[in-house]
Amino acid sequence: MTRSRPPWPLIPLAAIGGLLLVLPFAALLIRVPWSDLGSILRQPIVTDALRLSVVSATAATLVSLVLGVPLAWILARTVLPGASIARAVVLLPMVLPPVVGGAALLFAFGRRGVIGEPLYESSGFLLPYSLWGVVVANTFVAMPFLIATVESSLRSADLRYEEAATTLGAGRWTVFRRITLPHAAPAIVTGSVLCFARALGEFGATVTFAGNLQGRTQTMPLAVFLALESNREAALALSVLLVVVSLAVIIPLRDRWLGT
Amino acid sequence: MLDADLTLSRGTLELELTLQVAAGEVVALLGPNGSGKTTTLRAIAGLQPIAAGRVELDGTVLDEPSTHTFVQPSERRIGYVFQDHLLFPRMSVLDNVAFGLRSRGERRATARATATATLERLGLTDLAGARPHELSGGQSQRVALARALATAPRLMLLDEPLASLDATAKAAVRTELRHDLVAVGGPRLLVTHDAVDAAVLADRLVIVEAGRVVQSGTVEEVSTRPASRFVADLLGVDLLSGVGDGRHAVRLASGAVLTLADPVPDGEVSLAVRPRAVALYATRPEGSPRNTWEATVGLVEVDVDRARVQLVGPVPVTAEVTPAAVRELGITTGATVWASVKAVDLVAYER
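So the sequences go chain by chain: A and B. Using this note's numbering, the first residue of the first sequence is number 14, and each one after it goes up by one. Using this note's numbering, the first residue of the second sequence is number 10, and each one after it goes up by one.
So, in structure tokens, the structure goes:
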């Protein structure tokens, strides 16, 4: 493609758009107390949030892999009645306001929830306001990213390779393991990274469903929000950390996911 | 042996054909694109269930809707060489060939040893470490054959084995495949739309048109006695109609008389003329005065290795000559040439 000169009205609009996206990061970086960053990052509010975020986002990604890849396969390959509706419902959390997701989780798994109440009465187990609650909220919001990515890869796969494997004596599980999965591997990696990034940044569903308890359910985004009131330096340090992680996710993925 | 009686519909195709392939036999399913050849292979392999009928291999019923019998493709032990070969792109040639054995539960080392032996049998040992994308069309096709062969199938299916090759590679690969098919053994069924491929590779032809068998027989039988104009066109054999005199002559509608070496039936006959048997000359040939006529050149199709010259005149046939002959004789549409065909090259049979 040859690069061409833009029509002049695009230039100022594009410049404003770019500034709107870039200026906040610049402001953030200007205000970060770089010299004290090391000691700020060792504050308990920061280390607790960092640990919880890494643990819960990792757990949510693993749960999404184990449950999401099979679901993607079912959505992509089987002819179910109402499959397109099922697909829409599965992907709903991608566009749903996360706080609504958190509320929905409360109504399902809360102490008075549809599943939560009998579960609590029989075993005393309570999902909300626990690390498990954070993992469930993260998974609920992030798994659709993995499903969408993997499903589209499974849908575009050339099924004739699977047929060829079948004629060679491969059963369904062997075909899935040795032909389908290797083909989908790049999409699974992309989907997992997107899923992890989304889980790491989760705020609305987590704060609604799991609360904001330091050391128990307070992940990095929650800590940032709380610290803005009381401990600005910690908020800045955590923000920088999240920006770095997000950049690390988006830079390698931009070609594959954004389709340039 | 394979005994198949297939009924199924797919899109606009209504397939309804019976087919037998004996052990040790190479059968070619010959027909134009869309006539149901690939669908037939898929039905036999179990990739496409039949609606009615029966697929039986070596006495075992594989598919019979009336008794709700359906053996999964993975359990059929039928080798399938796909038109595009479909080698697994992320595996080496050796792992491709070992795949079937691994799938059947062989240990990796055993599977690799058998795969190595199979590659050796087809003279492909050097390619063991290569990746599919590094292979030429002919190599890829032979690796696909090795992959199917490694599982010791009870029947081998080949879908258009030569179609994806370019013209220059085709002749050589065709000859190799002919030898390979001997090495494969057992019943072999291949699909092609090219009569020459079928003639070279198969013992017997089954001609299909729109999902039905229109003729079956040895290559000689079918090419000398095509059952219809469709079969004649497909095989590239010209059919003329005329009246036999009960001795050795056939009078065509144009009034021209052709002489045959073999006795000719009395009455209406079909006359099969192989385009390769028709010779062309710039001037009236000396010697043999029989079966020589002056013709006007119609369409001329020049290919890499042959040219087909349509002749207009008393004997409307096509001559197949070399591209060099076309140049030397100055053959162009509208030109006048002399044509002849030997009496032994003409076959007449009752219509």
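C-beta: ideal position from N, C-alpha, C; glycine also. Source: prediction; values computed, not measured.
For D72 (chain B), the uninterrupted beta strand (DSSP E) segment begins and ends at T69 to E73.
Secondary structure note for G129 (chain A): its alpha helix (DSSP H) is the uninterrupted segment G129 to S136. For I98 (chain A), the number of other beta carbons within 10 angstroms of its own is below 16, and it is reported as exposed.
Taking a contact to require three or more Cβ pairs closer than 8 Å, the region 171-191 of chain A and the region 226-237 of chain A do not qualify as touching. Rounded to the nearest angstrom, the gap between the Cα atoms of L136 (chain B) and L103 (chain B) is 8 Å.
Secondary structure of E34 (chain B) (DSSP, three-state): coil. In the same chain as V148 (chain A), and ignoring 5 residues on each side of it, the C-beta atoms closer than 6 Å to its own belong to S69, A72 and A73, in chain order.
Sequence-distant partners of T341 (chain B) (beyond 5 residues in either direction) whose C-beta falls short of 8 Å from its own C-beta, in its chain, are V306 and V309.
Our two residues, V102 (chain A) and L118 (chain A), have alpha carbons roughly 15 Å apart in a direct line. The residue from A:R64, A:S169 and A:T180 with its alpha-carbon nearest to that of Q81 (chain B) is A:T180. E164 (chain A) sits in a helix when the DSSP states are folded into three classes. Around T78 (chain B), the same chain offers V70, L71 and D72 as residues with beta carbons nearer than 8 Å, after the five sequence neighbours per side are excluded.
Distance from the CA of G129 (chain A) to the CA of G137 (chain A), rounded to the nearest whole angstrom, comes to 10 Å. S149 (chain B) is outside the set of residues whose beta carbon lies under 8 Å from a beta carbon in chain A.
Counting only runs of at least 4 residues, the region 143-198 of chain B fully encloses the following alpha helix (DSSP H) elements, listed from N- to C-terminal order: 146-158 and 176-193. With the criterion set as a beta carbon lying under 9 Å from some beta carbon of chain A, the members of the region 79-99 of chain B are Q81, P82, S83, E84, R85, R86, I87, G88, Y89, F91, D93, H94, L95, L96, F97, P98 and R99, in sequence order. Interface flag for R190 (chain A) against chain B is unset, since no Cβ pair is found closer than 8 Å. With contacts defined as CB atoms closer than 8 Å, I53 (chain A) and A240 (chain A) fail to qualify as a contacting pair.
Spanning the alpha carbons of V67 (chain A) and A170 (chain A) requires a straight line of approximately 33 Å. Near chain A, meaning a CB-to-CB distance below 7 Å, the residues of the region 54-77 of chain B are A54 and L56.
If you draw a straight line from the Cα of A198 (chain A) to the Cα of S243 (chain A), it is about 45 Å long. It is roughly 36 Å from the alpha-carbon of S77 (chain A) to the alpha-carbon of L32 (chain A).
Within the region 268-333 of chain B, the complete beta strand (DSSP E) segments of 3 residues or longer fall at 275-282, 287-290, 301-311, 316-321 and 327-330, listed in chain order. At least one C-beta of chain A is nearer than 8 Å to the C-beta of T160 (chain B). Contact between the region 217-226 of chain B and the region 40-55 of chain B is present: three or more C-beta pairs spanning the two stretches fall below 8 Å. Cβ contact annotation for L56 (chain B) (same chain, cutoff 7 Å, sequence separation greater than five): P82, in chain order. For L355 (chain B), the pairing in a beta bridge is given by DSSP as B:V282. Contiguous alpha helix (DSSP H) elements confined to the region 78-163 of chain A occur at 96-104, 111-122 and 129-136, taking only those with 4 or more residues. Judged by DSSP secondary structure, R260 (chain B) falls within the beta strand (DSSP E) whose first and last residues are A258 to L261. When A:A85, A:F122, A:P141 and A:P111 are compared, the shortest CA-CA separation from R229 (chain A) is found for A:P141. Only those residues of the region 102-115 of chain B whose C-beta falls short of 7 Å from the nearest C-beta of chain A are listed: F108, G109, S112 and R113. DSSP lists no bridge partner for I340 (chain B). Near chain B, meaning a CB-to-CB distance below 9 Å, the residues of the region 155-185 of chain A are D171, R173, Y174, E176, A177, A178, T179, T180, L181, G182, A183, G184 and R185. Under the criterion of beta carbons closer than 8 Å, L280 (chain B) and V259 (chain B) qualify as touching, at roughly 6 Å. R336 (chain B) does not reach chain A, its nearest Cβ partner there being about 44 Å away, counting only Cβ pairs nearer than 7 Å.
Close partners of T187 (chain A) in chain B (Cβ separation under 7 Å): S112.
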